[in-house]
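With the numbering used here, letter number 11 in the sequence shown gets 12, and the count goes up by one each step, no holes.
Note that the Cβ used here is the ideal one computed from N, Cα and C, for glycine as well.
All figures in this text were calculated on a predicted structure; none of them were measured in a lab.
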Amino acid sequence: MGIVKDPEVARRIARAVVSDIALYNAKQVEEGIAKDTLFDLLKEEIEEGRSYYQSRIDPEVARSTNYFNEALVDVLVRSGGRIPSKAW
Numbered sequence: 002m003g004i005v006k007d008p009e010v011a012r013r014i015a016r017a018v019v020s021d022i023a024l025y026n027a028k029q030v031e032e033g034i035a036k037d038t039l040f041d042l043l044k045e046e047i048e049e050g051r052s053y054y055q056s057r058i059d060p061e062v063a064r065s066t067n068y069f070n071e072a073l074v075d076v077l078v079r080s081g082g083r084i085p086s087k088a089w
């Protein structure tokens with residue numbers, strides 16, 4: 002496992018890390034979306050995931066992209082669109 006320089010691989014790693022966060026914290030994701038506290042509830046898990054992601058990705062790729070944050074929105078937030086929430 003070396004440092005990833007391919008942006009497409011970096012994007013997939015970001016999505017995989019956030020998918021794991023969603024999978025292992027499904028109840029908190031549901032509660033966080035319903036109460037609009039998602040990022041507060043999962044702060045530690047998100048920061049741990051972000052650290053892991055950054056440890057795997059070439060620093061230049063990490064600086065020039067926003068893949069981890071995009072994955073947070075796509076995987077955590079959009080997938081929870083079926084959950085009633087104050088946010089929508």
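Suppose contacts are defined by Cβ-Cβ distances below 8 Å. Is residue i in contact with residue j by that definition?
i, j, result
"D59", "V5", "yes"
"Y68", "A23", "no"
"G50", "L42", "no"
Closest to residue i by C-alpha separation, out of the options, would be which residue?
i, options, result
"A72", "E61, A15, K36", "A15"
"D75", "S20, S65, D7", "S20"
"G3", "K28, Q55, I47, R79", "Q55"
"N70", "Y25, E61, E48", "E48"
"E9", "S65, D37, A35, S52", "S65"
"S80", "R13, A35, Y53", "A35"
Counting only beta-carbon atoms, is residue i nearer than 8 Å to chain B?
i, result
"K36", "Of the protein chains in the structure, only one exists, and it is not chain B."
Decide if residue i is buried, meaning its Cβ has at least 16 other Cβ atoms within 10 Å, or exposed.
i, result
"A1", "The question about residue 1 has no answer here: the residues shown for the chain are numbered 2 through 89."
What first and last residue would you give for the alpha helix (DSSP H) that runs through residue i?
i, result
"R64", "60-65"
Give, in chain order, every unbroken run of the alpha helix (DSSP H) that is at least 4 residues long and sits entirely within the region 6-57. 8-25, 27-36, 39-42, 44-57
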